[in-house]
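Asker: Each position in the sequence shown, counted from 1, maps to that position plus 37 in this note's numbering.
My structure is below; once you've seen it, I'll send some questions.
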Amino acid sequence: MAKTRARIAPVSDTRAQQDAIRLWQAGDLVSIPTETVYGLAGDATNPDAIGKIYSTKARPAHNPLICHVASQEMAESLADFDATARLLCTAFWPGPLTLVLPLKTPSLLAPAVTAGLDSVALRMPAQDEIRTLIDRLGRPLAAPSANPSGRLSPTSAHDVFIGLGEEISLILDGGTTDFGIESTIVRVQDGAILVLRPGAISDEDLVAAVGAPLVPHSATDVVAPGMLASHYAPHAPVRLNADTARDDEVLIGFGPGQAALNLSPAGDLKEAAHNLFALLRKADDMIKSSMAGRGIAVAPIPEHGLGAAINDRLRRAAAPRPAERTPQQTHTAHG
Ligand code: TXA
Ligand code: MG
């Protein structure tokens, strides 16, 4: 069968919204904008739709999906919340925080959403249009980032089109995403917060909002179904903590300096997170079209605040790629 190419339509477009609902009801997938990155969304209660998410992304079956909900009520119908989890929701929902909670049973969710685990990852996205669509569908949307597994996450409708445009029929366009980096994923453990994946909400903000301590990182050896270290990877090799570029490298800078590509000339970490994936793509494209260099060098990024999530993504972008991997490399909550 000839492949179709996805239509890109504004998320505010009434006809496109109706089409999205119809596609979800038929078990098909639609890409949606969120405040973090674009998602590849399907009805979380429909096993066919969930199967399509895994196959479209070529995602390993042991790596569970995040369910996006429209309301606290919908969230509580799917998982058990304790007092700390509710405090986190009050502080950060709607917004870029994902909670991993005990799955309520029996569950309406397709078992593959949770990869058979007894926990489920939930988040309430910030965009009003998306929560309204979930509410109209009346079911949670399972949505991983809308990129082929292991590659850079999409922060624009165009990015989704480049990666998955031949696999899906509709991309809802909400412009460039606000945070530019995925949600922070946490689990609550005896009243303390365990960060499974650093993301758009910093450790400092979590602690300040809830007053609960973080489970120290040393205690977090393996916390979630594995993904390999290499992830969020451009095609070109990546070298970190580079103060200058070598002859054959494209430099991505941070703070004042000469770099043509700069995450944030002002040294602002929120701006750097917003630009991270877009600049990695741009450097990659420059190298692919042989305008410049053979590798990407990235300036040092401070480790505090959003820097922790930025450095996490950069370390994974720079990690050995599948062909070069050693067998024992296993990791935490990344998709
Ligand atoms: O910002 C985001 O979180 C974006 C947008 C689209 O919402 N989504 C996203 O999904 O980043 P994905 O699939 O790329 O990453 C989700 C991660 C996976 O690495 C998975 O391992 C983890 O969430 N996860 C899902 N369910 C889990 C569970 N029950 N326990 C532990 N980790 C879980
Ligand atoms: Mg992902």
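The beta carbon of each residue, even a glycine, is placed where N, CA and C say it ideally should be.
1) Tell me whether lysine 402 is buried or exposed, calling it buried when 16 or more other Cβ atoms sit within 10 Å of its Cβ.
2) Does histidine 268 pass the burial test, meaning 16 or more other C-beta atoms within 10 Å, or should it be called exposed?
3) Nearest CA to the CA of leucine 277: which residue from Val67, Leu60, Pro357 and Arg42?
4) In or out: methionine 328 buried (at least 16 other Cβ within 10 Å) or exposed?
5) Please name the residue in Ile218, Gly64 and Leu288 whose C-alpha comes closest to that of isoleucine 9.
6) Does isoleucine 338 come out as helix, strand or coil in the three-state DSSP assignment?
7) Considering alanine 245, what are the terminal residues of the alpha helix (DSSP H) in which it resides?
8) Would DSSP call leucine 317 helix, strand or coil?
9) Using the three-state DSSP reduction, which class does glycine 290 fall into: helix, strand or coil?
10) Are there 16 or more other CB atoms within 10 angstroms of the CB of alanine 354, so buried, or fewer, so exposed?
11) Output the distance between the C-alpha atoms of arginine 173 and isoleucine 58, rounded to the nearest integer angstrom.
12) Got a sec, what are the start and stop residues for the beta strand (DSSP E) valine 223 sits in?
13) Does any heavy atom of ligand 2 sit closer than 6 Å to the C-beta of serine 108?
14) Are there 16 or more other CB atoms within 10 angstroms of the CB of valine 150, so buried, or fewer, so exposed?
15) Sorted by chain position, which residues of the same chain lie with C-beta nearer than 8 Å to serine 49's C-beta, five sequence neighbours on each side aside?
16) Could you name the residues that DSSP lists as bridge partners for threonine 135?
17) Would you say the region 290-310 touches the region 197-206, given that touching needs at least three Cβ pairs under 8 Å?
18) Just reading off the beta strand (DSSP E) that serine 68 is part of, what are its end residues?
19) What number of angstroms, rounded off, separates the C-alpha of glutamate 286 from the C-alpha of alanine 279?
20) Between the alpha carbons of alanine 43 and phenylalanine 198, how many angstroms are there, rounded?
21) Looking at the secondary structure, which residues open and close the alpha helix (DSSP H) in which glycine 29 lies?
22) Locate the beta strand (DSSP E) running through alanine 122, then write down its first and last residues.
23) First and last residue of the beta strand (DSSP E) that includes aspartate 17?
24) Output the boundary residues of the alpha helix (DSSP H) element that contains serine 114.
Answerer: In short, the structure shows the following:
1) Look at the range of the chain in this structure, 38 to 372, and you will see that residue 402 is not part of it.
2) Classification of histidine 268: buried, given that the 10 Å Cβ count is 16 or more.
3) It is Pro357.
4) It is exposed - the Cβ of methionine 328 has fewer than 16 other Cβ atoms within 10 Å.
5) This structure cannot settle anything about residue 9, because the visible part of the chain is limited to 38 through 372.
6) Per DSSP, reduced to three states, the secondary structure at isoleucine 338 is coil, with no helix or strand assignment.
7) Per DSSP, alanine 245 belongs to the alpha helix (DSSP H) from 240-247.
8) In this structure, leucine 317 counts as helix in the three-state DSSP scheme.
9) DSSP, reduced to helix, strand and coil, places glycine 290 within a strand of the structure shown.
10) Buried: at least 16 other Cβ atoms inside 10 Å.
11) Roughly 8 Å separates the two Cα atoms.
12) 221-226 is the span of the beta strand (DSSP E), which, as asked, contains valine 223.
13) Incorrect: serine 108 has no Cβ contact closer than 6 Å to ligand 2.
14) Using a 10 angstroms sphere on the CB of valine 150, the tally of other CB atoms reaches 16 or more, which defines it as buried.
15) Taken in chain order, the residues that qualify are Glu166.
16) Partner(s): Ile222.
17) Touching, no.
18) 67-69 is the extent of the beta strand (DSSP E) around serine 68.
19) Going by C-alpha positions, glutamate 286 is about 10 Å away from alanine 279.
20) Distance between the alpha carbons of alanine 43 and phenylalanine 198: 7 Å.
21) An answer regarding residue 29 cannot be provided, because it is not within the stretch 38 to 372 covered by the chain.
22) Premise fails: alanine 122 lies in the alpha helix (DSSP H), 120-129, not in any beta strand (DSSP E).
23) The chain is shown from 38 up to 372; residue 17 falls before or after that span and cannot be answered.
24) Taken as a continuous stretch (DSSP letters only), the alpha helix (DSSP H) holding serine 114 covers 109-115.
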